Every structure is written in structure tokens, then in C-alpha cells.
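Chemist: I am attaching a structure below and will ask some questions about it afterwards.
Residue numbers (the working numbering), protein chains in the order written: chain A, 1 to 273; chain B, 1001 to 1273.
Pasting the structure below:
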């Protein structure tokens, strides 16, 4: 783990890893990013991305990441196997597994690569949103520790309260940034892709058992674009497509300054209504 | 491979595999599903799903699948390693690798599981579409062999011709079914999730180098729903979110009879304009 005299942001402490040696590294859960059972999925995804970023053979920056939440992660240390399966001229494919006591809790695949300027076009529309300062800050219940590390200001689809009834759609749009503020990078963007509380809570107007089964991120922003964003809030929006048979799926978009689409993210979630 | 006296549909021949023994099996590319370089990505994805389905320890039916196209697959035989990483009470997580001559060409992860009836709701809207019989059949250029196995009738976003100019959006909506007709199952649905020609062709009005890097499918239909669909056409629609830096991403929806959302599918694609 890093030995440093400057103050380490809690996010960096949470995704900190030992150096990657022979495709293996180790980390430790962080209490500040605890969820109801085990850690916040977003911090686990960010930690797996960070393992690739810290691998000595890494090529370029993230293009895609898929994380499968196979079983609960207990508070404590964990082992990560991070293997470059195939390196091409401009893309590199990774297989990643997180285990505790020899039992795999999380699997992932990632594609990294070199980005080159090409014709570009963004077809999806950024939702309209008032300035963050014009919106109140929302809080998730205190026992959801990880949410305390995010300043969330909802434009629509705020966290249900005891007075909330059913809602006709599952869209939430919010300004989000790390609290305390921290310059955005691919790891923190990865965690933010999982910042949406379960869409079933919004539709049904109440909390219920739910957990992400599999999550995918497509990264559109290169490091220069993220550096220009610095620590300003990201506009995040997500909506479910279909609920049924104990699962629902959703798609989210994370927008930066200048109508830049930073990432598109998808997940399938287990729920018990 | 199957030894049978009834006629085997070309799709079943293409995804046919030796029995899975010790988490390993073998298959062979099929010329009818060839793409410009190597096989159609959809048939590779379907073959990997089929490897899980044929594993003696499989639990339930598909919930999600992610396939990463790491390198080209040559015409000929291939080896598949298909490993149940973790089996829970109602979900099972799989890691899959396809290799030729010891070199990995394709990695994948899948989640299978038991579906149970719950509250359900479909939030996305099925696009309006005339009946298939009221639309002409489209053909991709003859050198794209796999496309000959699909009857495609476009509602919008038809295949560009030499006269096509640039297009303002990248939406294609089409009726699609196997040709010859074949009752839908999870394997054929998987292949159909990759039936959309690259969205950059539509936007720029011309063919250009492009290939899927990573593809994810969330399955909403259980086997009963697919059985009820039988061999009727599926309404498939897809649109890109953002093009830039040599990649674009898209989301697609596959709809069955009765406004049933069968699958949501996402992919990130390399392109060279």
C-alpha cells in the first residue's frame, strides 16, 4: 500500500493495491465504501480496473470493463489475479478474478487500448439540468456507508422516502462528485457508473433486496478529457429497460463538461419485490 | 458432433460441439457463418453460450453473457474451456475461453440462473413496425456469407447502397429470423443480438473497416416465452450512443410477439472511418 506523507483521498485508499507481480496483487476492503452486505459494487469495479492500470504490461487506457458479482466479499483482505490474455497492436484483453481464501467472489474482463482521433459524433442527448448549486443535496440512509463519499444532487428520480408511492418510470438524473472533491480519473468514473440506487426502489417507492449481478462500462473519455473535467460534478442518468423474473436491467450515461459523454454503463440486477 | 438422421439446421450445425468433458470441448467454424475475416461474431457468441448449456453442471438458463473478441478466429477447429467459477443457490457464474493452437481468440463470462415469477414491467417501448410481409427483404453483399442465413426486412436504417449519403442518426429497426426458419432458442437469440451491420456504415453511408470488440447480452425471455415465439420473426432495433477515438458503442433491443422484450444487447465496436 502507498506510503506517502501527503493526505490520501479516501477513494485512493480504498482502491489501493500492492504492486502487481506475476499477474497477482492484493488489496483490502475499506469501511468507508461498505454497502449493506460487503463493499459497494462500484468500488470493487474500480479496484479491478486499477489492478489492470497498475500491471507493468498495460497498454493504453480503458475501452470496456465487465464485472460479474459472483458472491459476497467479506470485510478484509482479498487477492486479485490480473492476466493480459492477448495483446494486439492497439488493443489488449484482460481477465481478472478477485478471491478471498481461495474462493472467487468476482470475475471481470477488460479491454484496454490506444485511442486515436477520428470522426466523432454523440447521438444521445444530455438531459437538461439546473446547475448543481440550484439543487439540494440528497442522502441515502446512513447505514449505506459508501453513499457518504458522494455528493448527489438529483434533477429527477430522487431517493424514495417513506412517503413515496410507486413511480411511473425508473429514470434518475443527478449531479455527482466525490466528497471530498477529487479530480476525476478512469477509476473514479468506474465507481460512479454504479452510483445509481436500485431502479426497483424508485418504481416501487421502497427499499427491497437487490444487488448487481453483472455490470459493463464503455469508456468514451480519454485521460486528457478527464483531466480537463478536474473535480467538477458529473451529470449521471440511468433508466431500467425491463423488470421481471427476479431481475432488471438498466443503462446509464455519465456526462462531463461541454456535453462530453464520458461513459455508457449497463447492468443486470437481482431483486426481490 | 451430433450423429442424426433428421436434417440438421445450418445454425445447429454451426454451434455444434463435442460433449463437454473436464470443462473442455471442441468445435469447428462453419463456412455458412463466415464474415469478412473469421466467423460472424454472433455465431461465436452463440457457440460459447451453447458450451455452457452443454456443460453437465449447468444451472438454469442465461441471465447475461459478455463476449470479448480478442483476436481473429481462423477457419477450422477450436478449443473451448468452459468453467463454472461459482455456483450459488439461484445463480451460476461462468468463465469461457476460445483458443486455436493454444492462443486465446475470445474470452467470455456468463451468468446463468433460475428465474422465478415476480412483478414485471417493461419500460422501453417497442418501435412501431409494419408487418414483415409488407416490407421487402434486404441483402448484405454476397461476400458476407453469414447474412444469407437471416431473413432481414428493415423498417428503418436499411443497408447503405452506393447511392446512400450520410445519415443523421444510426437507428436500424428490422424484422429478422433464421433462413430457413428455425424455432428461437437462447443460442439463436444470442446470434441475432449481433445481426446489426456496423452503425458507422449507416451514419457515413459506406462500408469501412469495423469489428466488435466486446458484446454483452441481458436475457429477459425464459425458455417458455421463446418456445411460444416459435419461428416467427423478431423485431430488432439498435442505435449507437457515441462515435469517437476509433470506437463506437451501441444498444439494441430484440422484441418478440406480444411486446415481449426478449433481450437487451450492448457492444463496443472498433472502426476506421
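Built from N, CA and C at the ideal position, the CB exists for glycine as well.
Being a predicted model, the structure only gives us computed values, none of them experimental.
Output yes if chain B places a C-beta closer than 8 Å to the C-beta of residue 76 (chain A); else output no.
Modeler: no
Chemist: Check whether chain A comes within 8 Å of residue 1119 (chain B), counting only Cβ atoms and requiring the distance to be less than that.
Modeler: yes
Chemist: Report yes if the CB atom of residue 173 (chain A) is closer than 8 Å to the CB atom of residue 108 (chain A), and no otherwise.
Modeler: no
Chemist: One question on the structure: do residue 191 (chain A) and residue 42 (chain A) come within less than 8 Å of each other, judged by their Cβ atoms?
Modeler: When the beta-carbon positions are compared, residue 191 (chain A) and residue 42 (chain A) come within less than 8 Å of each other.
Chemist: So, with DSSP's three-state summary, where would you put residue 1224 (chain B)?
Modeler: Residue 1224 (chain B): helix per DSSP, three-state reduction.
Chemist: If we define contact as Cβ-Cβ less than 8 Å, is residue 1273 (chain B) a contact residue for chain A?
Modeler: yes
Chemist: Which chain A residues are close to residue 1070 (chain B), counting only those with a beta carbon under 7 Å from its beta carbon?
Modeler: Those are 85, 86, 93, listed as they occur along chain A.
Chemist: Please confirm whether residue 1268 (chain B) has its beta-carbon closer than 8 Å to some beta-carbon of chain A.
Modeler: So, interface residue.
Chemist: Please list, in chain order, all residues of the same chain as residue 1223 (chain B) whose beta carbon is under 7 Å from its beta carbon, the five residues on each side excluded.
Modeler: 1061
Chemist: If you count every other CB in all the chains shown that lies within 10 Å of the CB of residue 21 (chain A), and 16 or more means buried, which is it?
Modeler: exposed
Chemist: Using DSSP with H/G/I as helix, E/B as strand and the rest coil, what is residue 90 (chain A)?
Modeler: In the structure shown, residue 90 (chain A) sits in coil (DSSP, three-state: anything other than H, G, I, E or B).
Chemist: Which residue wins for smallest C-alpha separation from residue 143 (chain A), given the options A:35, A:203, A:232?
Modeler: A:35
Chemist: Starting from residue 1240 (chain B), trace the beta strand (DSSP E) in both directions and tell me its first and last residue.
Modeler: It spans 1234–1244 - the beta strand (DSSP E) in which residue 1240 (chain B) sits, taken as one unbroken run.
Chemist: Does any residue of chain B bring its CB to less than 8 Å from the CB of residue 275 (chain A)?
Modeler: Chain A is shown from 1 up to 273; residue 275 (chain A) falls before or after that span and cannot be answered.
Chemist: Does residue 1184 (chain B) pass the burial test, meaning 16 or more other C-beta atoms within 10 Å, or should it be called exposed?
Modeler: Classification of residue 1184 (chain B): buried, given that the 10 Å Cβ count is 16 or more.
Chemist: Compute the beta-carbon to beta-carbon distance between residue 1054 (chain B) and residue 1017 (chain B), rounded to the nearest angstrom, for a pair I have assumed lies under 8 Å.
Modeler: 6 Å
Chemist: Counting Cβ pairs, one atom from each stretch, are 3 or more of them under 8 Å apart for the stretch 1229–1245 of chain B and the stretch 1195–1203 of chain B?
Modeler: Yes: at least three Cβ pairs fall under 8 Å.
Chemist: Cβ closer than 8 Å: which chain A residues qualify as neighbours of residue 1096 (chain B)?
Modeler: Chain A residues near residue 1096 (chain B): none, gap ~10 Å exceeds 8 Å.
Chemist: Note down, in chain order, each residue of its chain lying with its Cβ closer than 6 Å to the Cβ of residue 1121 (chain B), except the 5 sequence neighbours on either side.
Modeler: none
Chemist: Going by C-alpha to C-alpha distance, which of B:1075, B:1233, B:1090 sits closest to residue 71 (chain A)?
Modeler: If you compare the alpha carbons of B:1075, B:1233, B:1090 with that of residue 71 (chain A), the shortest gap goes to B:1090.
Chemist: Buried or exposed: residue 229 (chain A), going by 16 or more other Cβ atoms within 10 Å of its Cβ?
Modeler: When all chains shown are included, residue 229 (chain A) counts as buried.
Chemist: In whole angstroms, give me the CA-to-CA distance for residue 46 (chain A) and residue 110 (chain A).
Modeler: 12 Å
Chemist: To the nearest whole angstrom, what separates the beta carbons of residue 1064 (chain B) and residue 1219 (chain B), a pair I think is in contact under 8 Å?
Modeler: 7 Å
Chemist: Just mark residue 1082 (chain B) as buried or exposed, buried being the case when its beta carbon has 16 or more other beta carbons within 10 Å.
Modeler: buried
Chemist: Is it buried or exposed for residue 1147 (chain B), if we count other Cβ within 10 angstroms and need 16 for buried?
Modeler: buried
Chemist: Buried or exposed for residue 1039 (chain B), going by 16 or more other Cβ atoms inside 10 Å?
Modeler: buried
Chemist: So with Cβ pairs under 8 Å, would you call residue 1249 (chain B) a contact of chain A?
Modeler: yes
Chemist: Which residues, in order along the stretch 201–213 of chain A, keep a beta-carbon less than 9 Å from a beta-carbon of chain B?
Modeler: 203, 204, 213
Chemist: Could you check the C-alpha separation between residue 221 (chain A) and residue 1027 (chain B) for me, to the nearest Å?
Modeler: 38 Å
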